[in-house]
Structures are given as C-alpha cells and as structure tokens.
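Novice: If you scroll down you'll find the structure; I have some questions about it.
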Amino acid sequence: MKSRPMMMAAPKRVYVDLDDVICDTGIDLLALLEQHFGRHVDLEDVTSWDLGVSLGLDQQELRQFMHYAHEPKVLQQHRSRPGAVEQLSRWSDVGVEVWIVTGRPTQTFAATRSWLQDRKVAHTRLIFADKYGNYGGLQEMTDGVEAMPMEQIAGLGFDLAVEDSAAVAGVLHDELEIPVALMDQPWNRQMEDAGRLRRCMTWEEVDQMCGDLFSGQMEP
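FYI, numbering that gives the first Met the number 0 numbers position 198 of the sequence shown as 197, with every residue one higher than the one before it.
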C-alpha cells in the first residue's frame, strides 16, 4: 500500500482557479480551434491572455469560439491536471477550506458542478467571479446571474490563491494582498516572482510554497 507524501504546512482557506489550474483546458481549446476554424496553434505559442491575438481570431470569430468553448460537452471532457485532485483532497482532509473561484460565465454552473462531482474534486465552495471585468464580454452567457466582483474577494479571508492568469494574479497579490502561487503557463511567462507571488510548475511546488509561507520561511 502506497503511503501518502508528507504534506507541507497548510493554509486555512485557499482560492483555487479552475481552468488550467485544476483542469487542463488550453489543450482542449486548441483542438476546438482546429476543429471549427481549421487553425493549428501549439500550446507553447499561446503567449498572450488575449485569445484573439494568440489564436488569430477576429472579434466575431472569438465570440463564436468562446461559445463553443463553454458548451457542456466541451467542459465535461477536460482532464484534471496532474496532482491537482490529490492535493485538494489532502488539504480538505486536514480541514483546509478549498474555494474554487472561476472566471467562467455563470451559465456554465451546472456543467462545472457536474465536472467537479464526477471527478470527486474536494472543495468547500464554488464561486463565479467577474475576474476580467464586464464578464469578459460574454454577458449573454450569464443567464442573468451575477458573478462576484473581484473587489469582494479581499473580504473572504484567503491565505493563498492559485491562479494562472497574470492579470488576475497581479490584482490578488498587489491590490488584495493575497499570496499567489502562479501556475506556470505560456501566457504568464512574462510575469516574474515578486514578494509573495511565486511561479509553480507543478502542484507539488504549490505544496512546497505553502510549506515556506506558513512556516515563516517566505518573506511576509
């Protein structure tokens, strides 16, 4: 019987993004791009968070692409990232509150909830946040349900955030003063470690950051 790896010091409440943090979304979206638009783009070439720029789509094409990307059947096929489900389970086992905070349109609630349940992803709450302002231009995909404004995140008492968006990570770290584990992706490589923001290549490195942060080895 395999023994569980020893977990580093744990936070009390964590903010965890979903796409490309818990699940591998990007690779599936590139397959979708090739299927619907006949364009091949390698993941390592997606160096801008602006998908119109990275994928070579005009505004109309991008809107259509985003609708394809958020169809329930597409959301259901995403695979979990290595180590993600296991780490969230270990946190949950020792009483850590795992709040999944996604920037997806609120219309995807049922499909998102189903994905989490099917894969037994341990979490305390699922929050839809307006991370990018104006619902990322996808107001028609909200079903009239409001997402949480980013400024409200500050009052939720997070000890750590795990994100892949450089822009959102910057807000969390610089404005809301939340330590951030930046999950390495091609679109955030221009962001440098600073203060309590650290790039993590794997979920094991996220756990290591927790150990450093909550044992006092990381600068406040």
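Every residue gets a Cβ at the ideal spot worked out from N, C-alpha and C, and that includes glycine.
Got a sec, what are the start and stop residues for the beta strand (DSSP E) D129 sits in?
Specialist: 124 to 129
Novice: Out of curiosity, what's the CA-to-CA distance linking F127 and D18?
Specialist: 12 Å
Novice: Below 8 Å, how does it come out for the region 59 to 78 and the region 15 to 29: are there three or more Cβ pairs, yes or no?
Specialist: yes
Novice: Per DSSP, A22 forms a beta bridge with which residues?
Specialist: The residue asked about is misnamed: residue 22 is Cys in this sequence, not Ala. DSSP output for C22 lists D18, S79 as bridge partner(s).
Novice: Given that a residue counts as buried once 16 or more other Cβ atoms are within 10 Å of its Cβ, and exposed if not, what is Q184?
Specialist: Buried, since its Cβ has 16 or more Cβ neighbours within 10 Å.
Novice: When you compare only the Cα positions, how much space is there between V179 and C199?
Specialist: 10 Å
Novice: Where C22 and A83 are concerned, what is the direct C-alpha to C-alpha distance, given to the nearest angstrom?
Specialist: 8 Å
Novice: If I measure Cβ to Cβ from R3 and keep anything under 6 Å in the same chain, skipping five residues before and after, which residues do I get?
Specialist: Reliability fails at R3, whose pLDDT of 46 lies under 50, so the model's placement of it is uncertain and the value that follows must be treated cautiously. Excluding positions up to five away in sequence, the list is empty.
Novice: Can you tell me which of V170, D158, E176, V167 puts its alpha carbon nearest to the alpha carbon of V205?
Specialist: D158
Novice: Between the C-alpha atoms of G154 and H39, what's the straight-line distance to the nearest angstrom?
Specialist: 42 Å
Novice: Pick out the complete alpha helix (DSSP H) segments inside the region 41 to 88, 4 residues or longer, and give them in chain order.
Specialist: Listed in chain order, the complete alpha helix (DSSP H) runs (minimum 4 residues) inside the region 41 to 88 are 50 to 54, 58 to 68, 71 to 76.
Novice: Going by C-alpha to C-alpha distance, which of H69, E70, T123, G102 sits closest to S91?
Specialist: T123
Novice: What separation, rounded to the nearest whole angstrom, lies between the Cα atoms of S214 and R188?
Specialist: 27 Å
Novice: Mind listing, in chain order, the continuous beta strand (DSSP E) runs of no fewer than 3 residues lying wholly within the region 169 to 206?
Specialist: 179 to 182, 196 to 199
Novice: From the DSSP output, read off the bridge partner residues of V97.
Specialist: V13
Novice: With M182 and E162 assumed to form a contact (beta carbons below 8 Å), what rounded beta-carbon distance in angstroms separates them?
Specialist: The Cβ separation is near 7 Å, so the contact holds.
Novice: Any idea which residues DSSP pairs L159 with across the strands?
Specialist: V13.
Novice: Residues in its own chain within less than 6 Å of A160 by CB, not counting five upstream and five downstream?
Specialist: Y14, L171, I177, V179
Novice: Rounded to whole angstroms, what's the CA-CA distance from L115 to Q59? Just pull it up for me.
Specialist: Going by the C-alpha atoms only, they are around 31 Å apart.
Novice: Taking C-beta to C-beta, are T105 and L125 nearer than 8 Å?
Specialist: Against a cut-off of 8 Å, the Cβ pair of L125 and T105 comes out as no contact.
Novice: Can you give the Cα-Cα distance for W98 and S113, rounded to whole angstroms?
Specialist: 16 Å
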